[in-house]
Structures are given as structure tokens and as C-alpha cells.
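Colleague: Residue numbers (the working numbering): 291 to 842.
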Ligand code: N01
């Protein structure tokens, strides 16, 4: 059944195109899924709204976009050939290099021939009588597939700020999540930025370098720490390439799927001076070292507050204007409960005479006008407005089109009070449907490429089990799903991650049910759960036999 995708997508009869699997999304999860399914000899098609591979790295071309995980971790581990052939230029790669890497992998594995780009899925519906997923697109495609793999990513539906008058702005609007492909020149222009999460912080450090007047409209400040990125020289590269097996093994055994260091000391197990010295070292080392220095920063509020104070002190040491420094210091939520950001000279930008912090808690936005942003205190005239206001995360992508399970059960109804699934991989009532990096797995709390690979490998192993045993459909039991959601809830109660209003909890989208639905037990533990299920012969899953084989 293999062959060129365009040929297979145009059947002469106009009948649905029959495939083994449809994969939605051409990010790192979807790319690996296509490769792994093809390796099993399956006929597949990938559907992707963007014009090429890369997922979030295809869309997020804003100035300063960079991964805050080291590339030695944030890259595929499944192919020794790819690991050896590709060479990273820096510890933390920028978006152009990560996108170039995605393209390199796509070329190497010839992935594009099975992707349908600039195409959106409009509906996916399970046909129980025929045991197929019927998947339709906005280009009139109609596929029928035994399996449907949703590799739609936790962050793919941008969220605009709900501010009156946005559509009336007469200047240029740029969205971090859908940045133009050509370079944007801000020099000499009056530019505003709304949003100071990971994206906004990266934009500030880059746009701040060449801009006329820059107004950073900040509602909640984020904690950000120095990345201290470094170029990789020939010796570094050799060291990495010689040790990939052990580096990957360490990543798989870690809570974050690769972030290092990961401390196992409790904060108060050491005397004050020693704790401070360790934090100072971590600050100097950069990256996520501060987060990794102690084991209990997200479960011990006193420890968390002391580390938050340490970072607030650092902000005060950099930012010269005391009022601006005070406004930049995050308060009222635990450090690391919002995604910890890494930056290069973020706070330094605010010492420049043309970079202005606007504290929206003190002076809220009343409206956006054709000529600028109207604050309570008056209007800030602008030529351009950058929105870095985040995403409808975790559930947004799968709720953006119709997904209908057995008996027409609608996923939007199933998830109306939040994401609910089994291992973040499968859904009771939705046979043969899989999610890659789904909302109830470790999702945004660990290295997404590690999760993608682990999920896809687990899914393909289950497919092998299905085929080897003459089975046709698989889905989790409702009880299994409940048990998983209880595990998640039990773990979530122990962390402070839900104590900030973020996309982690749905708190950034009005009307969305709030709750921490990700697995907070860490990547390694998550992998253990998944493996235990496979080792048990897939307990908590129900299968139906392949009727074609029954009695054969
Ligand atoms: O989005 P966010 P993001 N008026 O939701 C503000 C990953 N990522 O795109 O918090 C004013 O974090 C909002 O303010 P508040 C990473 O997982 C990774 O930055 O609601 N402000 C907030 O400041 C990350 O967590 C990397 O008060 C408004 C901001 O918009 C995730 O993507 C880089 C507003 C949104 O922050 C999302 O990050 C980039 C309004 N009406 C992203 N509405 C790296 O790997 C919203 N905001 C480095």
C-alpha cells in the first residue's frame, strides 16, 4: 500500500482513501510517528496545517525564539545515524537551527512524501461497523484508517488577549505564535509587546536590541534565569557524539526527560550558607541549574519562597530603576509554578532609555485603539503591536475540530470539564485513537521529544501485540481511565504547580475548567507506568478480535 502520497490521495473513484493510519501534525511527534509506522510497513498519511515539517518551530519564528532545553536532550535519540550526522552549533539552539534540524530529519527519512501540508483536519469520526476512522480535511480529503494518531502538540492554538478594540489597531500586529517568515525590522518604530511568558521574554531581549521606543506591557511577571548559552566547539561535539548512548540513557531515567542537573538534596537539609552557595553556583552555571539544585522546590513552600527571594534579589541587582525592578519581581505565586524561563540579558533591557516597562497591575489596559494602547493613565501611541499572549494549551488543538468516538461520542463533550484520558495516550470510548504527548501525560513538564519517542514506541509495540493476537480494536476501560486520572490528581495535590494562573491549569483561557491535568510524577515514572501496562499484557485495555480472522 506504500507509495507517493499525492497519488494515493486522488483515488479515481472518489471513494475514501483506505490507509492503515492517519497522523495529525508534522511536529517532532508526528514526524517520528510517520517514520515508525512506515517502518512497520503501514500505509500512512500525515496531515499538517503548516507549509512544512517542524510544528511549533515552523510557526514560532519570532526574534529570539530558542529552546530552553539543551539540544543534546532536545533531539531525536532513535537513530544513531541522525545523531552522528547532525551537529549542533550551540548548547541551546535557536529556532532557525531547530527548524533546520527538523528539515534535515525529514530529508534524511524522506518524510515529506507522506505528509499533506497546508491542510487541516475538519473531523475524525469512528465508524464502529467498519472499524475505521473517517478523517476529513478542509481540502476535501476523505481518508479511512484503522488507526488515528493525534500528534497535535500541547501548544498549537494561539490565544489572543481579550482586549477591546484589538481589531481596530491600524498599525502592524505580529503574533509570536504565527510570526511572518520574512524578517521584521523594528528599528526606529514605536513597538508595544503584550505578554511576558517564555515567548515575550525572548522577544524583549531581541527586539530590545534594535527598536525605536519599546513598551513592554506586563501583567504577571515571570521568573527568568540566565541561560548562559555557549557555542559548541569540535571538542564538545566529539564528547557528545562519543557519549550519546549514556546521555540518552540518563535523559530517559530523569524526571524531566533530559534536563540536568537534577538534585536529590532537600533544600533545608543543608545549612543556610551552603544553600546560598549552591544557588550562586547554579546561577553562574545558567540553564535550569537553579531549578535542579534541590529536590523539593515544588513541594516545600518555604524552600520555594527562599529561592524566589534569591531570584528577586538578582533582579534588583541588575535593574537600575528601583520602581521598574520592583515591578519586574514576581510575587504572589511560587517560583517554577509558571514555566521557568531562561534568558540572555532580559532584565538588562530595562536599563535602556527607550525600553519602558508598563505595569498593568498599576495601570491597566482599557482598550486598543487604532493608534495605540489606551491605558488608564492615557494612550501609548504605537506603530506596531506584538502579541505573545500564549495558547489554549493541552486541549485546544483536539477541541478545534470534531472528534467523534464510538456511538458518535463527542470529545468536546468528554473534555468539557478538562482533559480526561488514559496515560495521556488513549481515550475510553475512542477505539484505535492515540495521542502523542497528550494532555494527561507529562506533556509540558518534560522534554517533549523524549515523550514523543516514548509514546510512539509504546503505541507501535501495542500495534504489534494487536496484530500478533488477531485483534482489531483497542481502547482503555472507563475504570482504567478513572484510575489514571486519580493518580494524576493525587500527584497534582502534592505540587505547587497549580498555584499560578497559567496554561498548565487552563487558567489563562476564560471559561475553561481550571485544573492540573498533566502527570506531575516525572518522565521516568511515567515511562515506568506505560511499560508496566505492556508487561502486564495490556491490563486496562479492551480488545475486539479481527472478525476476518475469527473462524478462519
Ligand atoms: O505564553 P504564556 P508563552 N493582557 O501563556 C499575557 C513554551 N515556550 O507563549 O500571566 C495582558 O506563558 C500573560 O499574562 P498573565 C513554554 O512551555 C517555550 O510565552 O495572564 N497580558 C502572559 O504573560 C511556555 O510556557 C519556549 O497575567 C496578557 C503571556 O501573555 C509556553 O510555550 C519559548 C493578556 C502569555 O504567556 C507558552 O509561553 C516560548 C492580556 N489580556 C514558549 N492575555 C522555550 O523553550 C495574556 N497575557 C524557551
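Note that beta-carbon positions come from the ideal geometry of N, C-alpha and C, so glycine has one too.
Just so we're clear, the structure is a prediction, and the values are computed from it rather than from any experiment.
Among the candidates 782, 798, 716 and 697, whose CA atom is the shortest distance from the CA of residue 767?
Modeller: Of 782, 798, 716 and 697, the residue nearest in Cα terms is 716.
Colleague: Look at residue 809 and residue 412 and say whether their C-beta atoms are less than 7 Å apart.
Modeller: Against a cut-off of 7 Å, the Cβ pair of residue 412 and residue 809 comes out as no contact.
Colleague: Quick one: using the 10 Å Cβ neighbour count with 16 as the cut-off for buried, is residue 521 buried or exposed?
Modeller: Exposed, because fewer than 16 other Cβ atoms sit within 10 Å of the Cβ of residue 521.
Colleague: Can you find a heavy atom of the ligand N01 that lies under 6 Å from the Cβ of residue 358?
Modeller: True, at least one ligand heavy atom lies under 6 Å from that Cβ.
Colleague: Report the CB separation of residue 334 from residue 328 in whole angstroms; it is logged as a contact under 8 Å.
Modeller: 6 Å between Cβ atoms; contact.
Colleague: Considering only residues of the same chain and omitting the five flanking positions on each side of residue 448, which have a CB-CB separation below 7 Å?
Modeller: Same-chain partners within the cutoff: 465, 467, 468 and 681.
Colleague: Determine the DSSP secondary structure at residue 596, reduced to helix, strand or coil.
Modeller: Residue 596: helix per DSSP, three-state reduction.
Colleague: Please work out which residues of its chain come closer than 7 Å, Cβ to Cβ, to residue 514, disregarding the five sequence neighbours upstream and downstream, and give them in chain order.
Modeller: Within the same chain, residue 514 has close Cβ partners 491, 631, 632, 633 and 636.
Colleague: Can you check the segment 724–801 for any beta strand (DSSP E) of at least 3 residues that lies completely inside it and give the ranges in chain order?
Modeller: Those beta strand (DSSP E) runs which fall completely within the segment 724–801 and span 3+ residues are 761–766.
Colleague: Does the segment 342–362 come close enough to the segment 384–402 that 3 or more CB-CB pairs lie under 8 Å?
Modeller: Contact holds: three or more Cβ-Cβ distances are below 8 Å.
Colleague: Any heavy atom of the ligand N01 inside 6 Å of the beta-carbon of residue 680?
Modeller: Yes - the ligand N01 has a heavy atom lying nearer than 6 Å to the Cβ of residue 680.
Colleague: From residue 474 to residue 738, what does the alpha carbon distance come to, in whole angstroms?
Modeller: Those two C-alpha atoms are separated by around 29 Å.
Colleague: For the ligand N01, I want to know if residue 451 counts as a neighbour, meaning its beta carbon is within less than 6 Å of at least one of the ligand's heavy atoms.
Modeller: Yes, since a heavy atom of the ligand N01 falls inside the 6 Å radius drawn around the Cβ of residue 451.
Colleague: Could you have a look at residue 571 and say whether DSSP puts it in helix, strand or coil?
Modeller: Of the three classes helix, strand and coil, the one that applies to residue 571 here is helix, per DSSP.
Colleague: On a CA-only basis, which of 406, 583 and 684 is nearest residue 794? Give me that one, please.
Modeller: Residue 684 is the option with its Cα nearest to residue 794.
Colleague: Hey, how far is the Cα of residue 314 from the Cα of residue 438?
Modeller: Those two C-alpha atoms are separated by around 8 Å.
Colleague: Go ahead and label residue 293 buried or exposed: buried means 16 or more other beta carbons lie within 10 angstroms of its beta carbon, across all protein chains shown.
Modeller: Caution is warranted here: a pLDDT of 42 is assigned to residue 293, below 50, making its placement in the model unreliable, and no coordinate value can be reported.
Colleague: Measuring CB atoms only, is the segment 560–574 touching the segment 373–386, in the sense that at least three cross pairs come out at less than 8 Å?
Modeller: Result no; under three Cβ-Cβ pairs closer than 8 Å.
Colleague: Hey, which unbroken runs of the beta strand (DSSP E) at 3 residues or more fall wholly within the segment 500–580?
Modeller: Counting whole runs of 3 or more residues, the segment 500–580 contains the beta strand (DSSP E) stretches 503–508 and 514–516.
Colleague: Where does the unbroken alpha helix (DSSP H) through residue 375 begin, and where does it stop?
Modeller: Per DSSP, residue 375 belongs to the alpha helix (DSSP H) from 370–375.
Colleague: With a CB to CB cut of under 6 Å and the five nearest residues on each side skipped, what residues in its chain are close to residue 418?
Modeller: Taken in chain order, the residues that qualify are 696.
Colleague: Is it true that the CB of residue 786 sits closer than 7 Å to the CB of residue 665?
Modeller: Cβ atoms of residue 665 and residue 786: not closer than 7 Å.
Colleague: With a CB to CB cut of under 6 Å and the five nearest residues on each side skipped, what residues in its chain are close to residue 291?
Modeller: Confidence in residue 291 is poor, its pLDDT being 36 and thus under 50, which makes the residue's placement unreliable; the coordinate value appears in the next sentence. So the qualifying residues of the chain are 333.
Colleague: Where are the beta strand (DSSP E) runs, 3 residues long or more, that stay fully inside the segment 318–371, in chain order?
Modeller: Runs of the beta strand (DSSP E) inside the segment 318–371: 334–337.
Colleague: May I have the straight-line CA-CA distance separating residue 801 from residue 487, to the nearest angstrom?
Modeller: Their backbone Cα atoms lie some 21 Å apart in a straight line.
Colleague: Taking C-alpha atoms, which residue in 591, 308, 312 and 643 lies nearest to residue 789?
Modeller: Checking every option, the nearest Cα to that of residue 789 belongs to 591.
Colleague: Would you kindly work out how many angstroms separate the C-alpha atoms of residue 471 and residue 676, rounded to a whole number?
Modeller: Approximately 15 Å, taken between the alpha carbons.
Colleague: DSSP has residue 382 in a bridge; who is on the other side?
Modeller: In DSSP, residue 382 forms no bridge with anything.
Colleague: Pick out whichever of 798, 761, 752 and 781 has its Cα sitting closest to the Cα of residue 822.
Modeller: Nearest C-alpha to residue 822: 752.
Colleague: Do residue 450 and residue 674 have their C-beta atoms closer together than 7 Å?
Modeller: Against a cut-off of 7 Å, the Cβ pair of residue 674 and residue 450 comes out as no contact.
Colleague: Taking 6 Å as the line, does the beta carbon of residue 349 fall inside it for any heavy atom of the ligand N01?
Modeller: No, the Cβ of residue 349 stays beyond 6 Å of every heavy atom of the ligand N01.
Colleague: According to DSSP, is residue 409 part of a helix, a strand, or is it coil?
Modeller: Note: residue 409 maps to coil in three-state DSSP.
Colleague: Going by other Cβ atoms of all chains shown within 10 Å of its Cβ, with 16 needed for buried, is residue 431 buried or exposed?
Modeller: By the neighbour-count rule (16 or more Cβ atoms within 10 Å), residue 431 is buried.
Colleague: If we call anything under 7 Å between Cβ atoms a contact, is residue 405 one with residue 743?
Modeller: Cβ atoms of residue 405 and residue 743: not closer than 7 Å.
Colleague: For residue 618, report the span of its beta strand (DSSP E) as first-last.
Modeller: That residue, residue 618, is in no beta strand (DSSP E); its alpha helix (DSSP H) goes 612–618.
Colleague: Span of the alpha helix (DSSP H) holding residue 453?
Modeller: Premise fails: residue 453 is in no alpha helix (DSSP H) and is neither H nor E.
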